[in-house]
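Quick notes on the structure that follows.
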Amino acid sequence: MKILVTGASGFVGGPVCRALMARGHRVVAASRRDLPGLVVIRIGELGPDTDWRPALDGVEAVVHLAARAHVMQEAETDPLALFRRINRDATLHLAEQAAGAGVKHFLFASSIKVNGEATLPDRPFTADDPPAPCDPYGIAKAEAEQGLRAVAGPMALTILRPPLIHGPGAKGNLATLLKVLNTGLPLPLGGLANRRSLVGIDNLADALGFLLERRAAGTFLIRDGEDVSTSQLLRLLGAGLGRPARLIPLPAILFRLLGRSGTIRRLTGSLVVDDSPLRALGWTPPLSLKDGLARMTSAWRNTR
């Protein structure tokens with residue numbers, strides 16, 4: 001199958017391209033720069049006016065990964081407008097041109113942020129939940145999903161909403177945690193009983209190939225399979241770094257006092273997803289959470 005992958009140079013895009021080629025597919029990588037080992041179509045700025053037609057010639061499926069990433073400390077004066085331009089409008093424009101070019105399958109990498117930021121005990125997020133995004137990134141992704149359902153036409157449309165993605169080269173909160181753990185400093189995150197779903201980059205790439213080959217339309221959530229508390233996650237990361245996590249329990253009242261911080265909420269709250277529809281199709285993750293985290297910490301250590 002000839003597959004166009006956007007965002008091919010990114011943290012997710014590189015492993016996805018390699019996984020698809022390993023499955024025997026012909027991959028065309030949309031990128032602003034050359035990528036070793038890949039057939040690259042140069043694409044300029046991602047936006048609602050990008051001309052995708054040269055990249056879509058003979059393509060049977062599109063995997064749309066390119067996006068403006070979630071930003072922890074936003075500097076834009078109107079971040080929602082920018083997220084809408086890149087993550088919503090550019091996505092819909094690509095889908096319209098793909099449908100016009102005869103593409104059979106459009107796979108959109110969305111985000112669990114479409115569902116929201118936290119789950120209640122025994123109430124995991126499902127693909128059928130009403131969207132409840134809490135920030136501009138999640139809002140734009142939710143609007144892109146809604147728009148895709150309207151413009152996909154005869155294309156099979158697959159939407160995949162990953163939670164926090166871990167793997168070699170991960171940035172954001174995971175990169176920060178690795179740096180802090182590597183110092184050996186104690187962290188006030190011991191004894192947490194929250195639950196978090198994560199997905200490794202290799203598992204995500206495998207699932208994308210699985211869904212493409214089955215032309216499975218619909219919306220799916222994904223996870224590694226083992227949900228962990230933040231305390232357990234830190235211990236696994238510390239073990240991989242060879243720097244056992246030094247975790248100090250913090251009284252619950254202090255967490256409540258600090259709870260207005262988005263970072264604190266993400267570290268101490270729960271976010272669990274129901275991936276049973278994806279599992280029902282026959283997909284199982286090739287890597288355990290522990291093995292996936294070990295790959296990430298090994299890569300991180302090798303770059304130091």
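If you read the sequence shown in the UniProt record's numbering, its first letter stands for residue 1, the second for the next number, and so on. Where a beta carbon is used, it is the ideal one built from N, C-alpha and C, also for glycine.
Does the beta-carbon distance from V103 to V63 come in below 7 Å? Your numbering for residue 103 matches position 103 in the sequence shown. Your numbering for residue 63 matches position 63 in the sequence shown. For V103 and V63, no; Cβs fall outside 7 Å.
R93, enclosing alpha helix (DSSP H) - first and last residue: In the sequence shown, counting from the first residue as 1, residue 93 sits at position 93. What sits at residue 93 in the sequence shown is His, not Arg. Unbroken alpha helix (DSSP H) run through H93: 90 to 100.
Let me know if P249 comes out buried or exposed under the rule of 16 or more other beta-carbons within 10 Å of its beta-carbon. Sequence index remark: in the sequence shown, residue 249 carries index 249 (1-based). Exposed: under 16 other Cβ atoms inside 10 Å.
So what does K2 bridge to, in DSSP terms? Translated into positions along the sequence shown, residue 2 becomes position 2. DSSP, once it has assigned bridges, lists R26 as partnering K2.
What residues match up with R196 in a beta bridge as DSSP calls it? For the purposes of this step, residue 196 is taken as residue 196 along the sequence shown, with counting starting at 1. Note: R196 sits in a beta bridge opposite V228, L271.
For P130: DSSP bridge partner residues: As a working note, residue 130 is residue 130 in the sequence shown. Bridge partners of P130: none, in fact.
Measure from the alpha carbon of R53 to the alpha carbon of each residue in P154, H93, R18, R215, then state which is nearest. As a working mapping, residue 53 is identified with position 53 in the sequence shown. The option with the nearest alpha carbon to R53 is H93.
How far does the beta strand (DSSP E) with V180 in it extend, from its first residue to its last? If you number the sequence shown from 1, residue 180 lands on position 180. No beta strand (DSSP E) contains V180, which is instead part of the alpha helix (DSSP H) from 172 to 183.
If you count every other CB in all the chains shown that lies within 10 Å of the CB of E145, and 16 or more means buried, which is it? The residue labelled residue 145 in the question sits at position 145 within the sequence shown. E145 comes out buried.
Does the beta-carbon of E143 have 16 or more other beta-carbons within 10 angstroms, so that it is buried, or is it exposed? In the sequence shown, residue 143 corresponds to position 143, counting from 1. By the 10 Å Cβ count, E143 comes out buried.
Skipping 5 residues on each side, what residues in its chain have a beta carbon closer than 7 Å to that of A193? Against the sequence shown, residue 193 aligns to sequence position 193. Cβ within range, chain order: S229.
Suppose contacts are defined by Cβ-Cβ distances below 7 Å. Is I159 in contact with I201 by that definition? Position 159 of the sequence shown, counted from the start, is the residue given in the question as residue 159. Position 201 of the sequence shown, counted from the start, is the residue given in the question as residue 201. Taking 7 Å as the Cβ cut-off, I159 and I201 do not qualify as a contacting pair.
Which class does L293 belong to by DSSP, given the choice of helix, strand or coil? For the purposes of this step, residue 293 is identified with residue 293 of the sequence shown, where counting begins at 1. Helix at L293.
Could you tell me whether the segment 163 to 180 touches the segment 294 to 302, where touching means 3 or more Cβ pairs closer than 8 Å? yes
Leaving out five residues on either side along the sequence, give the residues of the same chain with a beta carbon under 7 Å from the beta carbon of T119. Numbered from its first residue, the sequence shown carries residue 119 at position 119. Excluding positions up to five away in sequence, the list reads F125, S270, L271, V272.
If we call anything under 7 Å between Cβ atoms a contact, is S111 one with R161? The residue labelled residue 111 in the question sits at position 111 within the sequence shown. The residue labelled residue 161 in the question sits at position 161 within the sequence shown. Result yes, Cβ atoms of S111 and R161 sit closer than 7 Å.
Rank A205, E213, W300, R304 by C-alpha distance to the C-alpha of L287 and give the top, closest one. For the purposes of this step, residue 287 is identified with residue 287 of the sequence shown, where counting begins at 1. Checked all of A205, E213, W300, R304; the closest Cα to L287 is A205.
Leaving out five residues before and five after M1 in sequence, what residues of the same chain have Cβ atoms less than 8 Å from its Cβ? For the purposes of this step, residue 1 is taken as the residue at position 1 of the sequence shown. Same-chain partners within the cutoff: H25, R26, E60, A61, L212, E213.
Classify residue 366 as buried or exposed, calling it buried when 16 or more other Cβ atoms lie within 10 Å of its own Cβ. Examination of residue 366 is not possible in this model, given that the chain is present from 1 through 304 alone.
Tell me, which residues are paired with H105 by DSSP? Against the sequence shown, residue 105 aligns to sequence position 105. In DSSP, H105 forms a bridge with A61, A156.
May I ask you to check if the CB of L233 is nearer than 6 Å to at least one heavy atom of the ligand COA? The ligand COA is absent from the structure shown, which contains no ligand whatsoever.
Expressed to the nearest angstrom, what Euclidean distance is found between the alpha-carbon atoms of T183 and T303? Your numbering for residue 183 matches position 183 in the sequence shown. Your numbering for residue 303 matches position 303 in the sequence shown. Using only the alpha carbons, I get a separation of about 16 Å.
Could you check if S276 is buried or exposed, using at least 16 other CB atoms within 10 Å of its CB as the buried criterion? Translated into the one-based positions of the sequence shown, residue 276 becomes position 276. Exposed is the call here.
Leaving out five residues on either side along the sequence, give the residues of the same chain with a beta carbon under 7 Å from the beta carbon of P188. On the sequence shown, residue 188 is found 188 positions in, with the first residue counted as 1. Correct list, in chain order: I248, L250.
How should V114 be labelled, buried or exposed, when 16 other C-beta atoms within 10 angstroms of its C-beta is the threshold for buried? Numbered from 1 along the sequence shown, position 114 holds the residue referred to as residue 114. It counts as buried.
Exposed unless 16 or more other CB atoms sit within 10 angstroms - verdict on K141: The count along the sequence shown starts at 1 and reaches residue 141 at position 141. When all chains shown are included, K141 counts as buried.
Closest Cα partner of R195 within the set L234, A207, L181, T176: Against the sequence shown, residue 195 aligns to sequence position 195. Nearest of L234, A207, L181, T176 to R195, Cα basis: L234.
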